[in-house]
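Following: one structure in structure tokens, then a few remarks.
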Amino acid sequence: MTGPQQLAVIGAGLGAGILTSTVGVASLLSFPVLIALGIPPVVANASNTLGLLPGALSGAFGYRRELREVPRHQTIAVVVICAVGAIGGAALLLALPSKVFASAAPWLILFTCLIVGVQPLISRWLRSRSDHPHGTPRSMSPATIGFTALTGVYGGYFGAGAGVMMMAVLGLGLDLELRIVNGLKTLALLAANLVASIIFVFIADLDLAASGLLAAGSIVGGYAGSHIGRRLPATLLRVLIVLAGVIAAVLMLR
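Structure (structure tokens):
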């Protein structure tokens with residue numbers, strides 16, 4: 087990679103780290119950058135997962151105050167279920183032919199854009215539920231467990247938009263404030279990325295240079311994003327993410 091390309095990957099990692107701890111669509115920014123550098127889709131996806139791991143770690147550390155407010159049994163359950171789901175997602179990525187992922191990636195990005203676009207509706211729904219703190223269960227229902235596992239699978243396979251999905255699943259399934267849900271979501275995605283990354287290191291083809299550059303940016307962005315996430319009015323950011331995602335998906339479909 088040339089110097090400007092390296093800076094672009096670091097910048098993508100920084101932005102993706104911020105998105106990991108806020109909106110939850112980190113791969114929507116970093117994955118297309120790796121594709122633009124000519125890295126094959128499956129290699130780019132695995133390298134992207136490894137590179138964003140430090141961002142999820144620093145983001146979870148930044149939310150440590152919120153995470154102390156989550157009952158320990160809920161934290162353990164969410165982390166374990168999401169991690170187990172990620173094993174299945176990583177296995178799908180490696181087992182299916184690369185052309186399957188190359189064909190699916192643009193549609194996954196468009197699906198993510200749809201999720202980000204309707205996030206205000208999800209947020210209003212969650213706020214309406216949080217106004218009635220005794221109206222939601224403090225234990226995980228079978229539906230919450232199932233959807234948490236499915237989100238882990240999606241996170242291990244691709245990941246863009248997994249944070250928004252996890253926010254909805256945990257916010258609707260548990261009696262927690264939104265700021266706490268954001269912290270728990272970040273920790274859950276850390277677990278998914280960690281498990282998938284371990285699998286990819288031993289089995290998948292990786293571009294370690296790209297992963298290292300992403301890691302350098304994401305570790306700073308993840309921690310910064312945890313502070314932004316506590317007070318983020320994300321309307322403009324959401325619009326820019328959707329526009330960038332649509333453009334990236336259209337370019338990949340050509």
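Number 281 in my numbering belongs to position 195 of the sequence shown; there are no gaps in the numbering. Just so it is clear, CB atoms sit at the ideal spot from N, CA and C, and this is done for glycine as well.
Practice prompt. Out of Leu339, Ile333, Val306, Ala335, state which residue places its alpha-carbon closest to the alpha-carbon of Leu105.
Written response: Walking along the sequence shown from the start, residue 105 turns up at place 19. The shortest CA-to-CA distance from Leu105 to any of Leu339, Ile333, Val306, Ala335 is the one to Val306.
Discussion item. I need the DSSP call for Thr182, collapsed to helix, strand or coil.
Written reply: Counted from its first residue, the sequence shown places residue 182 at position 96. Here residue 182 turns out to be Leu, not Thr, going by the sequence shown. The answer is coil: DSSP assigns Leu182 none of H, G, I, E or B.
Worksheet item: By how many angstroms is the C-alpha of Thr230 removed from the C-alpha of Val95?
Response: In the sequence shown, residue 95 corresponds to position 9, counting from 1. In the sequence shown, residue 230 corresponds to position 144, counting from 1. Taking the CA atoms as reference points, Val95 sits about 36 Å from Thr230.
Worksheet entry | C-alpha distance - Gly315 paired with Leu264, whole-angstrom precision | Your numbering for residue 315 matches position 229 in the sequence shown. Your numbering for residue 264 matches position 178 in the sequence shown. Whole-angstrom Cα-Cα distance: 10 Å.
Item to complete: Whole angstroms is fine: what's the gap from Leu273's alpha carbon to Gly145's?
Response: As a first step, residue 273 must be located in the sequence shown, where it is residue number 187. As a first step, residue 145 must be located in the sequence shown, where it is residue number 59. Straight-line measurement puts the Cα of Gly145 at about 8 Å from the Cα of Leu273.
Discussion item. On a Cα-Cα basis, can you pick out the residue from Gly110, Ile125, Val164 that is closest to Ser312?
Written reply: On the sequence shown, position 226 is the one that residue 312 refers to. When each option's Cα is compared against that of Ser312, the closest is Gly110.
Worksheet item: Skipping 5 residues on each side, what residues in its chain have a beta carbon closer than 6 Å to that of Ser107?
Response: In the sequence shown, the residue the question calls residue 107 occupies position 21. Leaving aside the five residues that flank Ser107 on each side, the residues in its chain whose CB is nearer than 6 Å to its CB run, in chain order, Gly145, Thr272, Gly308, Gly311, Ser312, Gly315.
Worksheet item: Hey, quick one: how far does the alpha helix (DSSP H) through Thr108 stretch, first residue to last?
Response: The residue given as residue 108 occupies position 22 in the sequence shown. Segment: none, Thr108 is in no alpha helix (DSSP H) and carries neither H nor E.
Practice prompt. Spell out a yes or no on whether the segment 163-180 and the segment 273-283 are touching, meaning 3 or more CB-CB pairs, one atom from each, closer than 8 Å.
Written response: Yes, the segment 163-180 touches the segment 273-283.
Practice prompt. Taking only runs that begin and end inside the segment 116-195, name each unbroken alpha helix (DSSP H) of 4 or more residues, in chain order.
Written response: Correct list: 127-148, 150-153, 158-181.
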